[in-house]
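Residue numbers (UniProt numbering), protein chains in the order written: chain D, 1 to 345; chain L, 1 to 345.
Protein chains: 2
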Amino acid sequence: MKRKATINDVAKAAGVSKGLVSFALNDRPGVSAENRDRIRDIAQALDYRPSVSARSLSTRTSYALGLVIARDPEILGADPFFPSFIAGVERVFLHEGRALVLSVVGDEQHEATVYRTLAADARVDGVFLTDLRHDDPRIPLLHELGMPAVTLGRPEGGAGSEPRPFPVVTLDDTPGIVAVTQHLIDLGHRRIAHVIGPHRMLHASRRNAAFAQTLAAAGLPADLVVETDFTAEQGASATGRLLDLADRPTAIVYGNDPMAIAGIGLAHERGLRLPDDLSITGFDDSELARYVYPALTSVRTDPLRWGEAAARVLLQLVAEGSAADVDLEPARVVTRASTGPAPRA
Amino acid sequence: MKRKATINDVAKAAGVSKGLVSFALNDRPGVSAENRDRIRDIAQALDYRPSVSARSLSTRTSYALGLVIARDPEILGADPFFPSFIAGVERVFLHEGRALVLSVVGDEQHEATVYRTLAADARVDGVFLTDLRHDDPRIPLLHELGMPAVTLGRPEGGAGSEPRPFPVVTLDDTPGIVAVTQHLIDLGHRRIAHVIGPHRMLHASRRNAAFAQTLAAAGLPADLVVETDFTAEQGASATGRLLDLADRPTAIVYGNDPMAIAGIGLAHERGLRLPDDLSITGFDDSELARYVYPALTSVRTDPLRWGEAAARVLLQLVAEGSAADVDLEPARVVTRASTGPAPRA
DNA sequence: CTGAAAGCGCTTACAG
DNA sequence: CTGAAAGCGCTTACAG
Numbered sequence: 001m002k003r004k005a006t007i008n009d010v011a012k013a014a015g016v017s018k019g020l021v022s023f024a025l026n027d028r029p030g031v032s033a034e035n036r037d038r039i040r041d042i043a044q045a046l047d048y049r050p051s052v053s054a055r056s057l058s059t060r061t062s063y064a065l066g067l068v069i070a071r072d073p074e075i076l077g078a079d080p081f082f083p084s085f086i087a088g089v090e091r092v093f094l095h096e097g098r099a100l101v102l103s104v105v106g107d108e109q110h111e112a113t114v115y116r117t118l119a120a121d122a123r124v125d126g127v128f129l130t131d132l133r134h135d136d137p138r139i140p141l142l143h144e145l146g147m148p149a150v151t152l153g154r155p156e157g158g159a160g161s162e163p164r165p166f167p168v169v170t171l172d173d174t175p176g177i178v179a180v181t182q183h184l185i186d187l188g189h190r191r192i193a194h195v196i197g198p199h200r201m202l203h204a205s206r207r208n209a210a211f212a213q214t215l216a217a218a219g220l221p222a223d224l225v226v227e228t229d230f231t232a233e234q235g236a237s238a239t240g241r242l243l244d245l246a247d248r249p250t251a252i253v254y255g256n257d258p259m260a261i262a263g264i265g266l267a268h269e270r271g272l273r274l275p276d277d278l279s280i281t282g283f284d285d286s287e288l289a290r291y292v293y294p295a296l297t298s299v300r301t302d303p304l305r306w307g308e309a310a311a312r313v314l315l316q317l318v319a320e321g322s323a324a325d326v327d328l329e330p331a332r333v334v335t336r337a338s339t340g341p342a343p344r345a
Numbered sequence: 001m002k003r004k005a006t007i008n009d010v011a012k013a014a015g016v017s018k019g020l021v022s023f024a025l026n027d028r029p030g031v032s033a034e035n036r037d038r039i040r041d042i043a044q045a046l047d048y049r050p051s052v053s054a055r056s057l058s059t060r061t062s063y064a065l066g067l068v069i070a071r072d073p074e075i076l077g078a079d080p081f082f083p084s085f086i087a088g089v090e091r092v093f094l095h096e097g098r099a100l101v102l103s104v105v106g107d108e109q110h111e112a113t114v115y116r117t118l119a120a121d122a123r124v125d126g127v128f129l130t131d132l133r134h135d136d137p138r139i140p141l142l143h144e145l146g147m148p149a150v151t152l153g154r155p156e157g158g159a160g161s162e163p164r165p166f167p168v169v170t171l172d173d174t175p176g177i178v179a180v181t182q183h184l185i186d187l188g189h190r191r192i193a194h195v196i197g198p199h200r201m202l203h204a205s206r207r208n209a210a211f212a213q214t215l216a217a218a219g220l221p222a223d224l225v226v227e228t229d230f231t232a233e234q235g236a237s238a239t240g241r242l243l244d245l246a247d248r249p250t251a252i253v254y255g256n257d258p259m260a261i262a263g264i265g266l267a268h269e270r271g272l273r274l275p276d277d278l279s280i281t282g283f284d285d286s287e288l289a290r291y292v293y294p295a296l297t298s299v300r301t302d303p304l305r306w307g308e309a310a311a312r313v314l315l316q317l318v319a320e321g322s323a324a325d326v327d328l329e330p331a332r333v334v335t336r337a338s339t340g341p342a343p344r345a
């Protein structure tokens with residue numbers, strides 16, 4: 001590794017103090033235009049880049065942001081949401097000289113330890129909070145740690161009790177789940193099931209409430225709800241249980257695409273024709289949705305854009321101490337071949 | 001954020017110099033057992049954790065390792081390999097106090113810039129090199145930057161030309177591809193196609209060579225090879241082209257599971273029965289493989305374990321300046337319902 | 001507008 | 001075995 005130019009090298013070459021170099025390069029007032037330009041030219045010529053660790057030590061800033069994901073490592077790969085979300089975050093960070101520190105913890109027990117370590121080591125200046133839960137323990141924890149955060153979706157009421165709310169980046173999934181449910185009702189389905197993610201996650205119960213309301217508005221019961229952990233495995237077994245019912249559903253709404261694809265697999269396994277005997281819908285509209293058979297009707301949420309927006313908000317929060325909430329375009333249905341008219345009874 | 005205890009606080013509380021605290025906590029010789037224990041107790045009582053940035057500045061070490069992925073962000077989520085690999089890396093880092101700095105760059109053009117920035121900013125102490133390519137430009141680049149690295153799989157010969165080779169963690173995929181091809185031959189297939197990843201990637205051409213040899217040993221031609229970018233989209237279109245052939249294949253070997261699943265989708269779309277009319281195999285044995293219909297025969301590569309092993313090797317390389325290569329258990333076939341006897345001609 | 005100096009919190013020769 | 005001090009490369013009041 002060839003020796004890097006330091007601020008001292010630049011200062012010497014420019015015949016000024018290193019303090020002035022720092023001011024010039026950081027766009028702070030109090031440097032003559034002439035000196036500023038000259039210092040910048042010299043810095044560029046020397047290929048000078050400030051040392052992140054030295055800056056960090058001085059400014060008590062790490063120039064890195066964190067994402068802690070609490071899902072079983074084995075199954076993280078199954079759900080395309082996070083990779084796409086991360087890609088969106090990266091797109092913004094790349095231009096801002098920020099790094100993403102990623103942590104995958106198997107379960108929610110070790111989660112607190114990771115956040116505490118991240119804070120104690122000052123590894124990151126702020127974090128992304130995904131998969132919000134009811135009474136989410138991370139919110140008081142992060143407040144206690146004084147760690148800035150942005151949440152994906154709005155956390156529970158809190159009634160203004162918490163010190164200062166975190167900025168929120170929402171992508172309203174309600175219109176999507178309402179539309180996909182209504183789409184099935186319009187196709188004549190009367191027995192519609194919902195295979196959802198973990199109840200403790202806000203989005204799962206929020207979506208299920210929207211699902212139930214839409215059914216209720218049509219005078220239909222929402223009694224077929226199965227909770228899963230978002231894995232294809234549980235998606236398949238939930239499907240099996242639903243299809244075993246005497247009064248089995250003619251349509252199933254799934255909480256993510258992998259579970260829906262596993263549902264398609266199981267239905268085929270049992271000799272059902274799709275969508276003639278059973279309609280199926282997914283969530284997130286992953287790449288594969290288009291290419292399974294029958295092509296999967298899904299709800300598009302755009303995790304990539306969500307990542308970009310969240311990154312910008314978090315960066316602003318860290319830099320300025322506050323940031324406005326952002327509302328992204330709501331989720332919407334993408335209709336494909338996996339949904340069709342209800343079978344005649 | 002409550003003020004953290006610093007080394008000075010510990011030194012004062014213990015009535016010793018901070019140098020001695022540093023020695024005691026870093027397990028260096030020259031500290032009396034008595035003092036060492038006392039200092040450690042006090043450090044623990046004060047909940048002292050050394051500042052990463054201060055250490056970094058002193059030791060010129062970042063205590064972070066990097067992974068740069070050059071794939072289109074839009075499609076990164078489709079392939080479960082990386083999330084699982086990352087989860088494996090994390091499992092090791094968590095206990096070692098290391099952080100993973102992840103970078104997703106859309107294309108290979110910007111790749112060099114990212115590595116240079118990572119090196120110039122001393123963001124990471126070393127990197128993981130995945131998806132090795134022919135004449136891989138990253139290898140000379142990393143040597144130039146003096147950046148330690150571990151490669152997944154063995155890079156091309158090099159004939160001992162490079163300064164010092166990087167340690168390698170291999171998971172030999174040849175036995176897997178040979179076995180899956182032989183499996184199809186044994187089932188009576190004579191027209192077997194291969195839908196592979198980008199030719200410039202070593203594993204794609206290495207696997208294709210193994211594929212061709214296995215066919216050749218059985219007196220069969222390996223003329224049906226289609227190159228893709230690993231996306232489900234190209235997996236589907238490659239399948240379409242193969243099925244359009246007059247002398248179309250009765251079996252298709254795919255380079256990853258998403259492409260194979262898309263292949264299943266397209267075959268069904270065209271009214272083919274699987275495996276009666278067409279046998280299909282995937283690669284990596286992702287979670288979904290088990291749950292599609294028909295369940296996908298695949299080649300298991302265990303990205304999670306690969307990540308763990310690579311993390312350990314990289315950590316050792318950074319700490320000690322060298323590390324031995326590691327050979328993981330080779331890939332092997334997992335036979336499921338998507339492969340069956342060749343249709344009678 | 002500019003310079004000299006202190007300080008961030010560690011590690012590490014150097015003396016004793 | 002232990003202490004005092006320099007140094008890592010920045011930023012930031014403080015003087016002028």
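All C-beta atoms, glycine included, are put in the ideal place defined by N, C-alpha and C. Note that the structure is predicted; figures quoted are calculated from it, not measured.
The beta carbon of D:V31 is closer than 8 Å to those of L20, F23, A24, I39 in its chain, skipping five residues each way along the sequence. Shown here, L:E329 sits in coil according to DSSP, grouped into three states, outside any helix or strand. When C-beta distances to chain D are compared with 7 Å, the residues of the UniProt domain "HTH lacI-type" (5–59) of chain L below that value are R49, S51, V52, S53, A54, S56, L57, in chain order. Measuring C-alpha to C-alpha distances from L:S338 to each of L:S298, L:R312, L:R344 identifies L:S298 as the nearest. Looking at the DSSP output, L:T170 sits in a beta bridge with L:D327. Taking a beta-carbon distance threshold of 8 Å, L:L141 does not count as an interface residue toward chain D.
For D:F230, the secondary structure class from DSSP, reduced to helix, strand or coil, is coil.
The beta-carbon of L:R123 is placed less than 8 Å from the nearest beta-carbon of chain D. L:Y254: member of the beta strand (DSSP E) spanning 251–254, first to last residue. Rounded to whole angstroms, the gap between the alpha carbons of L:L132 and L:A309 is 17 Å. Contact check between the segment 261–270 of chain L and the segment 316–336 of chain D: fewer than three CB pairs, one atom from each, fall below 8 Å, which does not count as touching. Setting aside the 5 residues that flank it on each side, L:R305 is surrounded in the same chain by G88, L328, each with a C-beta closer than 7 Å to its C-beta; the list follows chain order. The C-beta of D:I192 comes no closer than 8 Å to any C-beta of chain L. About 30 Å separates the Cβ atoms of L:I42 and L:V92, ruling out a contact at the 8 Å cut-off. In this structure, the straight-line span from the alpha carbon of L:D302 to that of L:H110 is close to 29 Å. In this structure, D:G255 places its C-beta atom within 8 Å of the C-beta atom of D:F283.
Unbroken beta strand (DSSP E) stretches of 3 residues or longer found wholly inside the segment 265–315 of chain L: 279–281, 298–300, given in chain order. D:T281 sits buried, since 16 or more C-beta atoms from the chains shown fall within 10 Å of its C-beta. Under the Cβ distance rule, L:V313 does not count among the residues neighbouring chain D, no pair being separated by less than 8 Å. Neighbours of L:L76 in chain D, taken as residues whose beta carbon is under 9 Å from its own, are P80, P83, S84, I86, A87 in chain order. Within its own chain, the residues whose Cβ lies closer than 7 Å to the Cβ of L:R154, once the five positions on either side in sequence are excluded, are V168, T170, listed in chain order.
Of the residues L:E90, L:A33, L:D244, L:F81, the one whose Cα lies closest to the Cα of L:L315 is L:E90.
Across the structure, D:D27 and D:G146 are spaced so that their CA atoms are roughly 28 Å apart.
Note on the UniProt domain "HTH lacI-type" (5–59) of chain D: whole alpha helix (DSSP H) runs with a minimum of 4 residues are 7–14, 18–25, 33–45, 52–59, in chain order.
Contacts with chain L at 8 Å (Cβ-Cβ) do not include D:I280. Residue pairing from DSSP leaves D:V89 without any beta-bridge partner. Separation of D:D47 and L:A64 (C-alpha to C-alpha, rounded to the nearest whole angstrom) is 23 Å. Of the candidates D:H189, D:D136, D:L118, the residue whose Cα lies closest to the Cα of D:D247 is D:H189. Within the same chain, S62 come within 6 Å of D:A122 by CB-CB distance, once the 5 residues on both sides are set aside. In the DSSP assignment, L:G126 forms a beta bridge with L:L65.
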